[in-house]
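Novice: Positions 1 to 147 (the UniProt record's numbering) are the ones given, in order, by the sequence shown.
By construction, the Cβ of each residue, glycine as well, lies at the ideal position given by its N, Cα and C atoms.
Shown below is the structure under consideration.
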Amino acid sequence: MTSLTDPTAADNSRSSEADKSHQSVELRKTVERYWAAAEARDWAAFADTLAEDVVYTLSQTRERIRGREKYVQFNREYPGDWRLRIERIVAEPGHVVTWVHFTVGLEEMYGISFFTEDGEGRILSVTDFWPEPYEPPAGREHLVERY
1 MTSLTDPTAA DNSRSSEADK SHQSVELRKT VERYWAAAEA RDWAAFADTL AEDVVYTLSQ
61 TRERIRGREK YVQFNREYPG DWRLRIERIV AEPGHVVTWV HFTVGLEEMY GISFFTEDGE
121 GRILSVTDFW PEPYEPPAGR EHLVERY
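Right, dumping it as structure tokens:
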């Protein structure tokens with residue numbers, strides 16, 4: 001049992017925190033490479049960011065793609081000539097969330113993606129949400145500002 005005054009306990013705690021911080025930075029870099037490769041249509045670089053057994057989940061349509069090859073093919077083929085820019089990235093150990101602005105032709109949308117990693121520096125899972133804008137319900141216009 002370690003005491004509160006045990007210096008090795010404090011060192012282990014600091015080391016653990018440093019490891020977590022490093023993991024969060026590394027996964028963030030991997031996700032940044034993932035989006036850059038997708039935007040550049042560099043499918044080999046895109047594939048390099050993914051674990052072989054990556055799982056992609058589209059929660060709203062209840063679709064799932066398993067495996068790197070199928071997931072790369074999906075992105076290569078769908079939805080056509082799209083462009084994206086990263087609006088925000090939030091990272092913590094083992095998890096990254098991105099908010100991206102996405103355009104296909106004249107249509108614009110925002111996507112939120114949740115990433116996990118496999119312990120080897122590759123993306124193990126991606127869960128996407130593509131919310132569609134809608135008109136607000138009546139009765140709160142005196143409380144909000146539209147943009």
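Assess contact between the stretch 104-112 and the stretch 74-90, defined as three or more Cβ pairs (one per stretch) separated by less than 8 Å. Is contact present?
Specialist: Counting Cβ pairs under 8 Å, three or more are found: they touch.
Novice: Beta-carbon separation of residue 121 and residue 26 under 7 Å?
Specialist: To locate residue 121, count along the sequence shown from 1; it is residue 121. To locate residue 26, count along the sequence shown from 1; it is residue 26. It is a contact, given that the beta carbons lie within the stated cut-off.
Novice: DSSP on residue 51, reduced to helix/strand/coil?
Specialist: On the sequence shown, residue 51 is found 51 positions in, with the first residue counted as 1. Looking at residue 51 - three-state DSSP - the assignment turns out to be strand.
Novice: Since residue 83 is in the beta strand (DSSP E), which residue starts that stretch and which ends it?
Specialist: For the purposes of this step, residue 83 is identified with residue 83 of the sequence shown, where counting begins at 1. Residues 82-92.
Novice: What does the Cβ neighbour count give for residue 144, buried or exposed, with the cut at 16 atoms within 10 Å?
Specialist: Indexing the sequence shown from 1 puts residue 144 at position 144. Label assigned to residue 144: exposed.
Novice: Which term fits residue 117, buried or exposed, when burial requires 16 or more other beta carbons within 10 angstroms of its beta carbon?
Specialist: As a first step, residue 117 is located in the sequence shown; it is residue number 117 there, counting from the start. By the 10 Å Cβ count, residue 117 comes out buried.
Novice: Beta carbon of residue 59, beta carbon of residue 102: below 7 Å?
Specialist: By 1-based counting over the sequence shown, the position of residue 59 is 59. By 1-based counting over the sequence shown, the position of residue 102 is 102. No, the Cβ-Cβ distance between residue 59 and residue 102 is not below 7 Å.
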